[in-house]
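In full-length UniProt numbering, the protein residues as written are 1 to 124.
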């Protein structure tokens, strides 16, 4: 829990007490100061909550990144083994897939560039 959340909650509570005392005493100035203090405490509490959420999100992202780095070699090896096994079991299918990918890449690389649309000019 962030210190801003604690301070904000305390400020919010103090503002409510001051506002209530102002209500009972009929003092409009104390009432307004209490409401302003309460609003400032609420804002500070929300700021602390945002900081906590950002810290939690950062910790989670770091944890996921560490796990990905630790297990990346296993994942790559597993994928390579799966591809090798599939190619060994079905060499014709693998050859057709590779040929299709090569054909698609060749089409993309030899395609003429797009021309911009003609511009209409008004000579009037």
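Don't be surprised by glycine CBs; every beta carbon is placed ideally from N, CA and C.
| Asked | Found |
| --- | --- |
| Give a yes or no on whether the C-beta atoms belonging to residue 8 and residue 48 are separated by under 7 Å. | yes |
| Please say whether residue 45 and residue 5 have beta carbons closer to each other than 7 Å? | yes |
| If you count every other CB in all the chains shown that lies within 10 Å of the CB of residue 19, and 16 or more means buried, which is it? | buried |
| Is the Cβ-Cβ distance between residue 51 and residue 12 less than 7 Å? | no |
| Taking the alpha helix (DSSP H) that residue 90 falls in, what are its first and last residues? | No alpha helix (DSSP H) contains residue 90, which DSSP labels as neither H nor E. |
| What number of angstroms, rounded off, separates the C-alpha of residue 16 from the C-alpha of residue 63? | 41 Å |
| With a 10 Å radius around its C-beta and 16 neighbouring C-beta atoms as the bar for buried, classify residue 129 as buried or exposed. | An answer regarding residue 129 cannot be provided, because it is not within the stretch 1 to 124 covered by the chain. |
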